[in-house]
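Below is one structure, written out as structure tokens; comments come after it.
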Amino acid sequence: MIASLSGQVQEILPDSIVVEVGGVGLQVFIPAPVKDDLRLGEHIHLHTYLIVRQDALILYGFVSREERDLFTMLLGVNGVGPRLALATLSVLSPDAIRRAVFHDQADVFSRVPGVGKKTGQKIVLQLQDRLPALTGLERIATVSDVDSEVLGALTALGYSVVEAQAALQSIPRDTPDDIEVRLRLALQYFS
Numbered sequence: 128m129i130a131s132l133s134g135q136v137q138e139i140l141p142d143s144i145v146v147e148v149g150g151v152g153l154q155v156f157i158p159a160p161v162k163d164d165l166r167l168g169e170h171i172h173l174h175t176y177l178i179v180r181q182d183a184l185i186l187y188g189f190v191s192r193e194e195r196d197l198f199t200m201l202l203g204v205n206g207v208g209p210r211l212a213l214a215t216l217s218v219l220s221p222d223a224i225r226r227a228v229f230h231d232q233a234d235v236f237s238r239v240p241g242v243g244k245k246t247g248q249k250i251v252l253q254l255q256d257r258l259p260a261l262t263g264l265e266r267i268a269t270v271s272d273v274d275s276e277v278l279g280a281l282t283a284l285g286y287s288v289v290e291a292q293a294a295l296q297s298i299p300r301d302t303p304d305d306i307e308v309r310l311r312l313a314l315q316y317f318s
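So this note's numbering is basically just the index in the sequence shown, starting at one, shifted up by 127.
This is how it looks when you write it as structure tokens:
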């Protein structure tokens with residue numbers, strides 16, 4: 128098992144990167160928000176998960192152990208393979224996944240391409256016993272439906288999920304739950 132790797136980003140491909148480690152270029156599939164923030168020549172450390180197939184060795188990389196562990200848990204859900212697990216982590220942050228599972232919000236997973244209502248319900252049901260319980264502060268910080276809509280609108284406008292989440296966090300807490308107001312404030316974050 129290859130648990131982690133450190134090296135220089137040699138190439139950025141549409142769905143993966145090539146990291147040079149000790150003179151060897153390793154292709155690693157990583158979540159889209161991480162890939163979007165990388166530059167050629169940048170040094171990166173990834174926690175990895177290796178999948179061994181009859182005809183290939185496939186590496187998946189994550190910036191934190193938490194993401195890698197969540198990826199592993201998602202692989203344990205019936206009907207979720209490595210591509211779908213990676214797509215889930217490309218669209219939803221680990222905290223968003225934990226909150227959705229804790230609050231039984233299967234519809235949150237429908238934002239992930241390839242995840243329908245039934246698969247979202249399976250993810251929630253099968254991860255409820257595996258994920259650690261949320262702390263009191265995390266329970267309070269649940270993303271509202273309005274913020275989910277704002278997040279969707281920002282990503283539709285071309286912002287990455289990470290950028291959109293940062294814009295949402297910049298909105299003052301006392302702002303009304305009105306989508307137009309919250310979207311306007313989120314867009315001001317980028318100006």
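Backbone N, C-alpha and C define an ideal beta-carbon position, used for all residues, glycine too.
Treat the numbers as computed from the prediction; the structure is a model and nothing was measured.
Tell me whether residue 203 sits in a helix, a strand or coil according to DSSP, three-state version. coil
Report back the beta-carbon spacing between residue 175 and residue 129 to the nearest angstrom; my notes put them in contact at under 8 Å. 5 Å
Would you say the region 247-256 touches the region 223-234, given that touching needs at least three Cβ pairs under 8 Å? yes
Enumerated in chain order, which unbroken segments of the beta strand (DSSP E) with a length of 3 residues or greater are wholly contained in the region 144-168? 144-148 and 151-156
Does the distance from the C-beta atom of residue 147 to that of residue 137 stay below 8 Å? yes
Mind listing, in chain order, the continuous beta strand (DSSP E) runs of no fewer than 3 residues lying wholly within the region 183-252? 184-189
Distance, Cα to Cα, residue 224 vs residue 196? 12 Å
Quick check on the burial criterion: 16 or more other C-beta atoms within 10 angstroms. Buried or exposed for residue 180? exposed
Would residue 220 pass as a contact of residue 296 if the rule is Cβ separation under 8 Å? no
Residue environment, residue 215, which counts as buried when at least 16 other CB atoms sit within 10 Å: buried
In the DSSP assignment, find the alpha helix (DSSP H) that holds residue 312 and state where it starts and stops. 306-316
If you reduce the DSSP assignment to three classes, tell me which class residue 134 lands in. strand
In terms of DSSP beta bridges, what is residue 173 paired with? 132
For residue 309, is the classification buried or exposed, using 16 other Cβ atoms within 10 angstroms of its Cβ as the cut-off for buried? buried
Cutoff 7 Å; reference residue 168; Cβ partners in own chain excluding five residues on either side: 135 and 136
Residue range of the alpha helix (DSSP H) that residue 295 falls in? 288-296
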